[in-house]
Amino acid sequence: ICNLLVANKLDENHNEYYRIPEAFDDLKCAAVNQEKRFSVATQGYYDNHKEEAWEDNQIKKAFCDKKFEFKREITLEKSRAKRLVLNEERKKLPIYAFRDEFLQAVNDHQIIVIVGETGSGKTTQIPQYLHEDGYTKHGRMIACTQPRRVAAMSVAARVSQEMGVKLGHEVGYSIRFEDCTSEKTVVKYMTDGMLLREFLAQPELDSYSVVMVDEAHERTLSTDILFGLVKDVARARPDLKLLISSATLDAEKFSNYFDLAPIFKIPGRRYPVEIQYTKSPEANYLDAAVVTTLQIHATQSPGDILVFLTGQEEIETVEQILKHRVRGLGTKIAELIICPIYANLPTELQAKIFEPTPEGARKVVLATNIAETSLTIDGIKYVIDPGFCKMKTYNPRTGIESLLVTPISKASAMQRAGRSGRTGPGKCFRLYTAYSFQNDLDDNTSPEIQRTNLANVVLTLYSLGIEHEKLLRFEFMDPPPADAIKKAMELLYNLGALNGQGKLTKVGRRMAEFPLDPMLSKMIVASEKYKCSDEIISIAAMLSVGNSIFYRPKDKQVHADNARLNFHSGDVGDHIAYLNVFNSWKETNYSSEWCYENYIQVRCMKHARDIRDQLAGLLERVEIELISNSNDLDAIKKSILSGFFPHAAKLQKNGTYGRVKHLQTVHIHPSSGLAEVVPRLVLYHELVLTTKEYMRQVTEIKPEWLLEIAPHYYQLNDVEDSSSKKMPRGCGLAH
Ligand code: CDP
Ligand code: MG
62 ICNLLVANKL DENHNEYYRI PEAFDDLKCA AVNQEKRFSV ATQGYYDNHK
112 EEAWEDNQIK KAFCDKKFEF KREITLEKSR AKRLVLNEER KKLPIYAFRD
162 EFLQAVNDHQ IIVIVGETGS GKTTQIPQYL HEDGYTKHGR MIACTQPRRV
212 AAMSVAARVS QEMGVKLGHE VGYSIRFEDC TSEKTVVKYM TDGMLLREFL
262 AQPELDSYSV VMVDEAHERT LSTDILFGLV KDVARARPDL KLLISSATLD
312 AEKFSNYFDL APIFKIPGRR YPVEIQYTKS PEANYLDAAV VTTLQIHATQ
362 SPGDILVFLT GQEEIETVEQ ILKHRVRGLG TKIAELIICP IYANLPTELQ
412 AKIFEPTPEG ARKVVLATNI AETSLTIDGI KYVIDPGFCK MKTYNPRTGI
462 ESLLVTPISK ASAMQRAGRS GRTGPGKCFR LYTAYSFQND LDDNTSPEIQ
512 RTNLANVVLT LYSLGIEHEK LLRFEFMDPP PADAIKKAME LLYNLGALNG
562 QGKLTKVGRR MAEFPLDPML SKMIVASEKY KCSDEIISIA AMLSVGNSIF
612 YRPKDKQVHA DNARLNFHSG DVGDHIAYLN VFNSWKETNY SSEWCYENYI
662 QVRCMKHARD IRDQLAGLLE RVEIELISNS NDLDAIKKSI LSGFFPHAAK
712 LQKNGTYGRV KHLQTVHIHP SSGLAEVVPR LVLYHELVLT TKEYMRQVTE
762 IKPEWLLEIA PHYYQLNDVE DSSSKKMPRG CGLAH
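So for the sequence shown, full-length UniProt numbering puts the first residue at 62; every next one is plus one.
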């Protein structure tokens, strides 16, 4: 009877079989036959006994059990089928033909430089080949580093599917504040920054048999530092295999750096790409991108579109405009599926870009630079390249780091265009002129190490024992400007992480435990003194989540602003407001409802809570007690100032602010709770350059605190301002 009931229910279940790709007709047949067998054999019996059977509870239960078992079987068969499909796909990748040759090369050499077009299978296949070839025996892992979090996560997800295992088991990933690995993990995708931090725990990377530094051409700061470290470890550990993989052709440089390591080339397939330029410069590249997308959609043959934008904000703007315009066109055009992809996009949505486009529809992927080489999206035939990306720049003289929208390099433009010619001939629409390409774009992007603040990396290197002299002798592929190292050491000295002899102090050692910028780490370490570690880690977590905590829907801006200002009552400043948000949310038992009511992004809050939990764990590791001191706002502010005193700015006569130690004019960002308050002296979390140089996350401080907390940095005349006559003279300056 059970079988009979199951058979009867099969009708609704067996549909699931039909979702399995065509190639698995035999599976489908089996399902259909099974169904037929059941029904032919049992139909008569079932008709006669239906009522009584169903009334019997035992049978009902048996039926439910059977149904459950059946569903599980379907799921299993489905994933088996999926694996078979994936296996076929694996064999079609360009790298597949070189599998044995590659494994032989790894066997013969300790270090290999691998070069292959994006999409040839380097990232997803190489770790699997090595695993299949026995490199993960004896509990050792294969590490594969990625410059971007999203890439690490999505590639790990893909490889776990290909291997038919659960993500986080045999295949996992590790990114800052999120470790998705387990005892079982043998293939570990991770950001380059995370591998760098692993050196702290295991200087010889003992748990790894192979380290693959992937996307080496990106030359991120962490990758460049890793080069120096892994090269050293490879000398100490002859059993360690080192793979440096890159999507561009300047492999000689890598090979030269790694003592003439052999270069393994994977010939890519590439179809011709037709490149079109605009006749005259575009005034607004976002508009131009929207118009071009719609034109392609209306006039060009099937194929998906990839648009390169500079960041989340631009992507959201373009997404909105596109949605609006498409709605306006109604049924006149085919369906356009819009898929954004950027680092902070929730994981569920990230997966959407890889879903095949349904027949008759067209997909448009709005991506940051991440789609340039780290992610391969199948089916792209058209690329729209406005010619910009967000790039960090750093001025070692002022110590100011900014993220600026900058023209891309020629090399980037070529990579972007190449994305359209992977599966067939493609087209690339450059939203700039041919003249501009030839004359305005640099040939290559300079490595990040030459244009960034090095304080964090220098602190990490110090805690790895690469101090002072050794640091100056460190083998950089392209050395950073000498000023930048000096500036980093200076900051670390000012924060108390280094002493006068250039040695790491206890404070510095503790700071290095936190995967944060040194100023934030210092703020946390200082919270011990002010007995407010509980509040400070909440603030640090909120600051780490970034600027998208509050949202402002266009039609409800006033409501949203009012909700936000509630957390600012008493002009406590943006840091304490963050704390208020976090604590209020906690009081509602982390309610999502509460977030909606207050125009706060639930997702960001959950992320902040995760980060906070981890920071609490790290506090324990550096033996700082978790103490709350919520009534003493001054103590909390002083603790923040202990890390951020270099970021002090005072009000000037003309109403703008000037950084206390630098001749630089700055403004309070309009989103700050203090924008209307205009305090005399403030500290800020960061500077952002838009139309002006804005301070974001601002808190009022007292002048005497600067002398109390950083007497080595500020002198009396720095804080005594001619414009602030009202400041009580000599208040507490005796410290
Ligand atoms: O690293 P490389 O650029 O050489 O290629 P890959 O990332 O290993 O990608 C090989 C293939 O895997 C791509 O062509 C995609 O079809 C597929 N892939 C995917 O479907 N989803 C991912 N998250 C990553 C790769
Ligand atoms: Mg790759």
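The beta carbon of each residue, even a glycine, is placed where N, CA and C say it ideally should be.
- Taking a contact as a CB-CB distance under 8 Å, the pair S215 and Q411 counts as one, their CB atoms being some 6 Å apart.
- A distance below 7 Å separates the beta carbons of G448 and P468.
- The beta carbon of A696 is closer than 8 Å to those of Y591, K592, C593 and N690 in its chain, skipping five residues each way along the sequence.
- Relative to the ligand MG, the beta carbon of K292 is positioned no closer than 6 Å to any heavy atom.
- Taken through DSSP and simplified to helix, strand or coil, V379 comes out as helix.
- Proximity of the stretch 196-215 to the stretch 645-653 falls short of the contact definition, fewer than three beta-carbon pairs being nearer than 8 Å.
- Counting other Cβ atoms within 10 Å of its Cβ, R423 reaches 16 or more and is therefore classed as buried.
- At least one heavy atom of the ligand CDP lies less than 6 Å from the C-beta of F415.
- S181 has its Cβ nearer than 6 Å to a heavy atom of the ligand CDP.
- Contact between T197 and T339 fails: their C-beta atoms lie close to 51 Å from each other, not under 8 Å.
- Three or more pairs of CB atoms, one per stretch, sit closer than 8 Å, so the stretch 319-338 contacts the stretch 178-192.
- By the Cβ criterion, the stretch 379-398 is not in contact with the stretch 483-501, since fewer than three pairs of Cβ atoms, one from each stretch, lie closer than 8 Å.
- Using a cutoff of 6 Å, the CB of S221 does not count as near the ligand CDP, since none of the ligand's heavy atoms is closer than that.
- Between the beta-carbon of K442 and that of D539 there is about 36 Å, and that puts the pair past the 8 Å contact cut.
- For C656, the enclosing alpha helix (DSSP H) stretches over residues S653 to E658.
- Counting along the chain, no beta strand (DSSP E) covers S582; the unbroken alpha helix (DSSP H) around it starts and ends at P579 to A587.
- Along the length of the stretch 440-484, whole beta strand (DSSP E) runs at least 3 residues long occupy 441-446, 449-456 and 461-468, reported in chain order.
- With contacts defined by Cβ atoms closer than 7 Å, V174 and S362 do not form a contacting pair.
- Secondary structure of H730 (DSSP, three-state): coil.
- In chain order, P457 and L515 place their CB closer than 6 Å to the CB of A545, counting only its own chain and leaving out the 5 sequence neighbours on each side.
- The three-state reading of DSSP puts K384 in helix, counting H, G and I together.
- Annotation: I688 is outside any alpha helix (DSSP H) and is labelled neither H nor E by DSSP.
- Secondary structure note for V272: its beta strand (DSSP E) is the uninterrupted segment Y269 to V274.
- Bounds of the alpha helix (DSSP H) holding T185 are K183 to E193.
- Beta-carbon to beta-carbon, S221 and V232 are separated by about 4 Å, close enough to satisfy the 8 Å threshold.
- Residue nearest to D503 within the set K471, R483, V519 and H529 is K471 (criterion: CA-CA distance).
- Leaving aside the five residues that flank R209 on each side, the residues in its chain whose CB is nearer than 6 Å to its CB run, in chain order, I431 and S435.
- Judged by pairs of C-beta atoms under 8 Å, the stretch 610-625 touches the stretch 652-668, as three or more such pairs exist.
- Not one heavy atom of the ligand CDP lies closer than 6 Å to the C-beta of V211.
- Secondary structure at Q758: strand, using DSSP grouped into helix, strand and coil.
- The Cβ-Cβ distance between E536 and G254 does not fall below 7 Å.
- DSSP, reduced to helix, strand and coil, places A710 within a strand of the structure shown.
- Membership of L410 in the alpha helix (DSSP H) is indicated by the continuous run T408 to Q411.
- With a 10 Å radius around the Cβ and a threshold of 16 neighbouring Cβ atoms, E686 comes out exposed.
- At a cut-off of 3 residues, the continuous stretches assigned as beta strand (DSSP E) that sit fully inside the stretch 286-338 are 302-307, 324-327 and 334-338.
- In this structure, H746 sits near L604, with a CB-CB distance shorter than 7 Å.
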